[in-house]
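**Student:** First residue of the sequence shown: 1, per UniProt numbering; consecutive thereafter.
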Amino acid sequence: MSARIPSTVLLINGSPTGVNRSDNKNHKPAAEKKTKRAEPPSSAQSTIETVKPPKTTTLSTPVGANLTNTKRAAEYRASAKKRKHRAPAVKTPGSSSQSDPGHESTCLLRRQHQLLKRQNDLLVLENSRITKELEKTRKDLRHANKKLNQTLNRREDIRYAGLLSPSANREQGMKDTLCSFDAELEKRDKEVRHKTAQIRELEEQLDSSRQLKHLLRDREDATYRSIPNFWDEMKVLRQDVSDTTSYLSRALCKDKLGLLVNSDSENTDLNALIKESLADNVRFLTSSPREALRAIIFTFVRSRVFYSECWAALHCEGHTLRGYQQVIENSTPNGTLEAIHRCALQCMVAEGHVYRKSWLPAHVKEVQDEFMRTFASILDPTEPEGVELNLAGSLRQLLTNAFLFRAKCLPSRGTRYELAHFMPGNIFDPDIMEVDNTDRQLLPQCRDEGLYRVRFCTHGAMLLHELDETSSGMDAIESLGQAFFTGDEGGIAPEAKGRLISAKASVILETLSGIAQ
Numbered sequence: 001m002s003a004r005i006p007s008t009v010l011l012i013n014g015s016p017t018g019v020n021r022s023d024n025k026n027h028k029p030a031a032e033k034k035t036k037r038a039e040p041p042s043s044a045q046s047t048i049e050t051v052k053p054p055k056t057t058t059l060s061t062p063v064g065a066n067l068t069n070t071k072r073a074a075e076y077r078a079s080a081k082k083r084k085h086r087a088p089a090v091k092t093p094g095s096s097s098q099s100d101p102g103h104e105s106t107c108l109l110r111r112q113h114q115l116l117k118r119q120n121d122l123l124v125l126e127n128s129r130i131t132k133e134l135e136k137t138r139k140d141l142r143h144a145n146k147k148l149n150q151t152l153n154r155r156e157d158i159r160y161a162g163l164l165s166p167s168a169n170r171e172q173g174m175k176d177t178l179c180s181f182d183a184e185l186e187k188r189d190k191e192v193r194h195k196t197a198q199i200r201e202l203e204e205q206l207d208s209s210r211q212l213k214h215l216l217r218d219r220e221d222a223t224y225r226s227i228p229n230f231w232d233e234m235k236v237l238r239q240d241v242s243d244t245t246s247y248l249s250r251a252l253c254k255d256k257l258g259l260l261v262n263s264d265s266e267n268t269d270l271n272a273l274i275k276e277s278l279a280d281n282v283r284f285l286t287s288s289p290r291e292a293l294r295a296i297i298f299t300f301v302r303s304r305v306f307y308s309e310c311w312a313a314l315h316c317e318g319h320t321l322r323g324y325q326q327v328i329e330n331s332t333p334n335g336t337l338e339a340i341h342r343c344a345l346q347c348m349v350a351e352g353h354v355y356r357k358s359w360l361p362a363h364v365k366e367v368q369d370e371f372m373r374t375f376a377s378i379l380d381p382t383e384p385e386g387v388e389l390n391l392a393g394s395l396r397q398l399l400t401n402a403f404l405f406r407a408k409c410l411p412s413r414g415t416r417y418e419l420a421h422f423m424p425g426n427i428f429d430p431d432i433m434e435v436d437n438t439d440r441q442l443l444p445q446c447r448d449e450g451l452y453r454v455r456f457c458t459h460g461a462m463l464l465h466e467l468d469e470t471s472s473g474m475d476a477i478e479s480l481g482q483a484f485f486t487g488d489e490g491g492i493a494p495e496a497k498g499r500l501i502s503a504k505a506s507v508i509l510e511t512l513s514g515i516a517q
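1) Give me the Cα-Cα distance between V387 and L467, rounded to the nearest whole angstrom.
2) Can you look up M433 in the DSSP assignment and give me helix, strand or coil?
3) Where I297 and E203 are concerned, what is the direct C-alpha to C-alpha distance, given to the nearest angstrom?
4) State the start and end residues of the unbroken beta strand (DSSP E) segment that holds L419.
5) Work out the CA separation of L345 and D240 for me, nearest whole Å.
6) Rank E418, S479 and C409 by C-alpha distance to the C-alpha of A505 and give the top, closest one.
7) Going straight from the alpha carbon of S46 to that of K117, what length do you get?
8) Reducing DSSP to helix, strand and coil, say where T47 ends up.
9) If distances are taken between C-alpha atoms only, which option among H363, H194 and L285 comes closest to L398?
10) When the distance is taken between beta carbons, is S472 closer than 9 Å to E338?
11) Helix, strand or coil for I274? Go by DSSP, reduced to three states.
12) Given E478, which residues of its chain have a CB within under 8 Å of its CB, disregarding the five upstream and five downstream residues?
13) Looking at the secondary structure, which residues open and close the alpha helix (DSSP H) in which F230 lies?
14) Less than 9 Å separating the beta-carbons of N271 and L257?
15) Is it buried or exposed for L509, if we count other Cβ within 10 angstroms and need 16 for buried?
16) Grab me the residues of T400's own chain with a C-beta within less than 6 Å of its C-beta, minus the 5 sequence neighbours each way, in chain order.
17) Looking only at its own chain, which residues have a Cβ that is under 8 Å from the Cβ of E489, when we skip the five neighbours before and after it?
18) Just grab the DSSP bridge partners of C457 for me.
19) Take the Cβ of D232 as the centre, count every other Cβ of all protein chains shown within 10 Å, and call the residue buried at 16 or more, exposed below.
20) Return helix, strand or coil for E388, following the three-state DSSP convention.
21) Suppose contacts are defined by Cβ-Cβ distances below 9 Å. Is L252 in contact with L379 by that definition?
22) Would I432 pass as a contact of L463 if the rule is Cβ separation under 9 Å?
23) Can you tell me whether DSSP reads M462 as helix, strand or coil?
24) Please work out which residues of its chain come closer than 7 Å, Cβ to Cβ, to L237, disregarding the five sequence neighbours upstream and downstream, and give them in chain order.
25) My output table needs one value for H283: the three-state DSSP class, helix, strand or coil.
26) To which residues of the same chain is R499 closer than 6 Å at the C-beta, ignoring the five residues directly before and after it?
27) Less than 9 Å separating the beta-carbons of V349 and A420?
28) What does DSSP give as the partner residue(s) for I378 in the beta ladder?
29) I'd like the span of the alpha helix (DSSP H) that includes C316, first residue to last.
30) Under a Cβ-count criterion, where at least 16 other Cβ atoms within 10 Å of its own Cβ denotes burial, should S502 be classed as buried or exposed?
31) Can you give me the start and stop residues for the alpha helix (DSSP H) that D255 sits inside?
32) My output table needs one value for F181: the three-state DSSP class, helix, strand or coil.
33) Measuring straight from C-alpha to C-alpha, what distance separates A295 and G335?
34) So, with DSSP's three-state summary, where would you put L206?
35) From the DSSP output, in three-state form, read off F371 for me.
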């Protein structure tokens with residue numbers, strides 16, 4: 001039985017060191033061959049060549065070895081293996097010693113070379129790993145990009161298909177588009193409506209401001225704008241006083257009137273009214289009863305209507321009204337409260353307002369009752385009932401028109417009105433007085449100062465006074481309740497001559513005989 005082992009032939013310095021089977025002449029005995037071991041190649045050898053054996057080699061018995069059985073062949077192979085592992089290095093000719101410095105440097109270079117080679121291998125491995133990871137990432141990204149492109153293309157196809165095809169997708173897309181458009185239009189419509197409401201509100205405020213300005217635009221030329229109204233109103237008042245005088249004169253009792261003239265009593269309201277209008281000339285009730293009654297009635301209306309304290313209460317009474325006025329004064333520019341109050345008064349006196357339905361009739365009734373109580377002592381109870389009813393109706397008409405006239409009297413800032421009434425004995429002034437010729441009295445032909453004096457005034461005149469206005473806010477509102485200037489003893493204040501804004505006052509002059517007396 002033969003074993004197959006690799007065979008190695010070492011060539012040292014160009015000559016073989018193994019056994020040459022073809023050389024039968026120079027072969028040595030086997031015992032000598034055993035003692036001689038193969039030496040490893042030295043680093044000093046110039047050439048080391050390795051010859052690879054064929055793939056299969058049959059182990060043959062060396063020359064000179066008479067191996068007759070299998071046991072001896074196995075021992076030979078075992079001894080050959082031992083020699084291979086334990087054989088000491090054989091020095092060859094020309095090899096250097098272990099202690100040679102060149103040998104040490106060569107070993108160091110070899111180790112460094114091996115270290116660098118190992119490092120290079122590790123770097124190559126790391127670069128390879130990184131390259132693989134980057135390649136994997138690139139593939140993943142390309143795959144994700146491909147998916148995204150597919151999704152995008154699919155959506156584009158769906159969108160175009162929905163827009164171009166008459167299918168349900170297109171209808172749904174159109175519905176979505178229309179819904180978005182409707183939502184946007186509704187949003188814009190709300191904004192437009194809001195802006196329109198703001199514009200409408202601003203226009204209303206502007207119109208209100210214009211109306212307010214138009215209603216109060218009188219104070220540059222208040223006299224010019226007021227004269228036509230005062231002329232007309234005073235004319236109506238004059239006619240109402242005349243009508244009431246006619247009915248009152250019919251209802252009087254001459255006997256009671258004579259007793260009143262001859263009586264010295266001054267405690268009655270009628271005596272006080274006669275003294276206020278005729279001074280101490282009570283005899284005028286018998287000598288000129290109609291004119292005297294006109295003077296008395298005008299004085300009564302003047303004091304009870306135009307100079308009544310009820311107007312101050314109308315402007316300022318009421319806790320709620322005061323609260324509103326205070327809020328407006330504190331929250332608006334200066335002068336706004338007065339302007340609004342003037343507009344409120346003008347609205348109040350219009351027809352259909354609660355002022356004309358409740359406040360005005362109540363005050364008319366109160367003053368009417370006071371008038372009837374005042375003249376009750378000289379009325380004739382035997383007169384028919386119709387006479388008293390006519391008197392009451394005429395008096396009601398007189399007082400109603402007087403109250404309405406007074407409510408319209410709102411002087412501009414820095415002005416006051418005066419309803420002038422002249423007392424007996426005042427000097428006749430043709431600039432503001434005219435002779436009442438209702439009884440066909442002769443008018444004076446010349447004007448001699450101090451010659452003509454007023455006997456009594458049957459109808460007064462409206463005057464306008466200018467003054468320095470310093471009030472504002474609530475004080476200005478209160479001043480509107482005191483629109484009429486109080487003259488000296490019921491006549492014109494000597495230090496403040498007013499300007500005539502109505503017809504002249506009607507007076508009865510004293511006769512020459514009266515002056516002489």
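Positions of the beta carbon are idealized from the N, C-alpha and C atoms, including for glycine.
**Tutor:** So, from the listed chains and residues:
1) 46 Å
2) strand
3) I297 and E203: Cα-Cα distance of roughly 50 Å.
4) T415 to A420
5) 24 Å
6) E418
7) Unreliable placement is indicated for S46, whose pLDDT of 44 sits below 50; the coordinate value is still reported in the next sentence. S46 and K117: Cα-Cα distance of roughly 25 Å.
8) Reliability fails at T47, whose pLDDT of 43 lies under 50, so the model's placement of it is uncertain and the value that follows must be treated cautiously. T47 falls in the coil class under three-state DSSP.
9) H363
10) The Cβ-Cβ distance between E338 and S472 falls below 9 Å.
11) helix
12) A312, H315, C316 and S471
13) A222 to A251 is the extent of the alpha helix (DSSP H) around F230.
14) no
15) buried
16) Only V364 meet the Cβ criterion.
17) Bear in mind that the predicted position of E489 carries a pLDDT of just 40, short of 50, making it too unreliable to give a figure here.
18) V507
19) exposed
20) helix
21) One thing to note: L252 has its Cβ within 9 Å of the Cβ of L379.
22) yes
23) strand
24) Contacts found: N401, A402 and F405.
25) As written in the sequence, residue 283 is Arg, which differs from the His given in the question. Coil.
26) L464
27) no
28) For I378, which the question treats as bridged, DSSP gives no partner whatsoever.
29) From DSSP, the alpha helix (DSSP H) with C316 extends over C310 to C316.
30) buried
31) K254 to N262
32) helix
33) 40 Å
34) helix
35) helix
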